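What follows is a single structure, written as structure tokens, with notes after it.
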Amino acid sequence: MSDAGKGLAGVVVADTTKSKVDGENGHLYYVGYTIEDLAANATFEETTFLLWNNRLPSQAELSEFSDTVKAEMEVPAAIIDVMKSLPSNAHPMGVLRTAVSMLGNYDPEADDNSMDANHRKALRLLAKMPTLTAAWARIRKGQEPVAPRKDLGLAANFMYMLNDREPTETEIQAINVYLVLLADHGFNASTFTSRVVTSTDGDIYSAVAAAIGSLKGPKHGGANEAAMKMFMEIGDPAKVDEFFTKRVKGEGYKIMGIGHRVYKAPDPRGGILHVHAKALAESTGNAAWYEVAKRLEDLARADEYFIERKLYANVDYYSSIVLYTVGIEPDMMTCLFAMSRIAGWAAHIIEQWGDNRLIRPKANYTGEINVPWVPLEER
Ligand SMILES: CC(C)(COP(=O)(O)OP(=O)(O)OC[C@H]1O[C@@H](n2cnc3c(N)ncnc32)[C@H](O)[C@@H]1OP(=O)(O)O)[C@@H](O)C(=O)NCCC(=O)NCCS
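Numbering (the numbering used here), first residue to last: 3 to 381.
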């Protein structure tokens, strides 16, 4: 039996100053600031500056940082051409993984691992991932991608490029709060992946491409897409009870967007997003999806099985409603998670570079040894 628990549960692998996940009490801090304060007050750019520099920016620093992001949002035309050649049913996260990997080939600093170059490359990735995501959402429908504008912040620019129209204040705020809330989360699977790649002295594009692959799975970032598809499968608030009895209780179906490796109390991000999902549902007159989600959560929270195991709605549960309400298609949702988590991945990659040692654990071999060799013709 290995020393570490299965799935490395509870194992502490390194120090970090980026975020603290207090899973027992349901709190989350970025560099000491509560997620509630950041969600209420910060832009995504401000939050990213905090994670990368371990302090909040001054007004002048934030303006400079935001301007540099705007200036870096364009992507090489050759990458858009390759995206146009991909099958239109390719999964958006697979496309984003490919496009981010391609970006590395166009960056003359790709293999310069100095601290300054890593900061510059992190900023390029932060700026270009919304452009790639919006471009794919259009390309796959046969629409021309829309170039980023120089006068819009990251959340607004993304919605502009996605829809080719002026974004509304409601859309900008919904996307901004989502990006702030998802920016970092301790040593989650994709962040750990990015640190493992970095620990080999690998470059930031390789680390981020690998992290996107890790985020894609439904046990991690893919849960927002899975949750929205589950709500759509239920289809109607009146059908939730039947779904819970038949599928969840009867067939042991795992409710997507519920449960968490670290939180054994309500996920604080889920609580904030719940409030936003409710407000958005009411203000857009499209309350049905929110009502489906709320009824299902209520049933789970009243059920002995979920109570005993301390299973609560996680960040993906209500965020799927928030994103869907502002027009994000379910299979695009995990790309928005990646657009946010690049802030955390880059923070951790830079932190890993600051005090690097190859991450290389051991395995507990449980097979046989000294097995007699059998020639091919005798097998
Ligand atoms: C997040 C997740 C992968 C955590 O996995 P984990 O820490 O390995 O925990 P486990 O899968 O061992 O779950 C512990 C127990 O709760 C149950 N459980 C966990 N999530 C559940 C869910 N969403 N619905 C029903 N039961 C669930 C498990 O079956 C297990 O029961 P058991 O003790 O009787 O075997 C898991 O909760 C899950 O698959 N949730 C749905 C997907 C999701 O929302 N992922 C996004 C995470 S942010």
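For each residue, glycine too, the CB sits at the ideal point set by N, CA and C.
Keep in mind the model is a prediction, meaning the values are calculated, not measured.
With a beta-carbon spacing of about 6 Å, VAL33 and THR19 fall inside the 8 Å limit used to define contacts. DSSP places THR133 within a helical segment (H, G or I) once states are collapsed to three. In the DSSP assignment, SER60 falls outside any beta strand (DSSP E) and carries neither an H nor an E.
DSSP lists HIS187 as the beta-bridge partner residues of PHE189.
Within the stretch 274 to 316, the runs of alpha helix (DSSP H) that reach at least 4 residues and sit entirely inside it are, in chain order, 290 to 303, 306 to 310. When rounded, the separation of the alpha-carbon atoms in ARG249 and ALA302 is 13 Å. Counting C-beta pairs with one atom in each stretch, the stretch 347 to 366 and the stretch 118 to 125 have three or more that are closer than 8 Å, which means they touch. The stretch 20 to 30 makes contact with the stretch 255 to 266: 3 or more CB pairs, one atom from each, lie closer than 8 Å. Distance check between PRO270 and each of MET234, ALA157, TYR320 places TYR320 closest, using alpha-carbon atoms only.
Around the CB of VAL15, fewer than 16 other CB atoms lie within 10 Å, so the residue is classed as exposed. Annotation for SER90: no alpha helix (DSSP H) segment contains it, and DSSP assigns it neither H nor E.
Cβ contact annotation for ALA191 (same chain, cutoff 7 Å, sequence separation greater than five): SER216, HIS222, in chain order. Contact fails between the stretch 48 to 64 and the stretch 288 to 304, because fewer than three Cβ pairs, one in each stretch, are under 8 Å apart. When the Cα atoms are used, LYS312 and MET117 turn out to be separated by approximately 42 Å.
Scanning the stretch 186 to 246 from its first residue to its last, the whole alpha helix (DSSP H) runs of 4-plus residues come out as 191 to 201, 206 to 217, 225 to 236, 242 to 245.
Counting the other Cβ atoms within 10 Å of the Cβ of VAL376 gives fewer than 16, which makes it exposed. Distance from the C-beta of MET258 to the nearest heavy atom of ligand 1 is below 8 Å. Here the C-alpha atom of LEU184 lies approximately 53 Å from the C-alpha atom of PRO374. Secondary structure of ASP318 (DSSP, three-state): helix.
The closest heavy atom of ligand 1 lies 8 Å or more from the beta carbon of TYR367. CA-CA distance, THR36 to LEU30, rounds to 6 Å. Taking all protein chains shown into account, MET234 has fewer than 16 neighbouring C-beta atoms within 10 Å of its C-beta and is therefore exposed. Our two residues, GLY261 and ILE344, have alpha carbons roughly 23 Å apart in a direct line.
The way I'd put it, the stretch 218 to 232 does touch the stretch 333 to 343; three or more beta-carbon pairs between them come closer than 8 Å. Note that the C-beta distance between ARG362 and SER103 is not below 9 Å. Taken through DSSP and simplified to helix, strand or coil, TYR108 comes out as helix. ALA340 has its alpha-carbon roughly 18 Å from the corresponding atom of ASN120. According to the DSSP secondary-structure assignment, ILE260 is paired through a beta bridge with ALA315. Excluding residues up to 5 positions away in sequence, ARG142 lie with their Cβ nearer than 8 Å to the Cβ of ASN91 in the same chain. Secondary structure note for LEU378: it is in no beta strand (DSSP E), with a DSSP letter that is neither H nor E.
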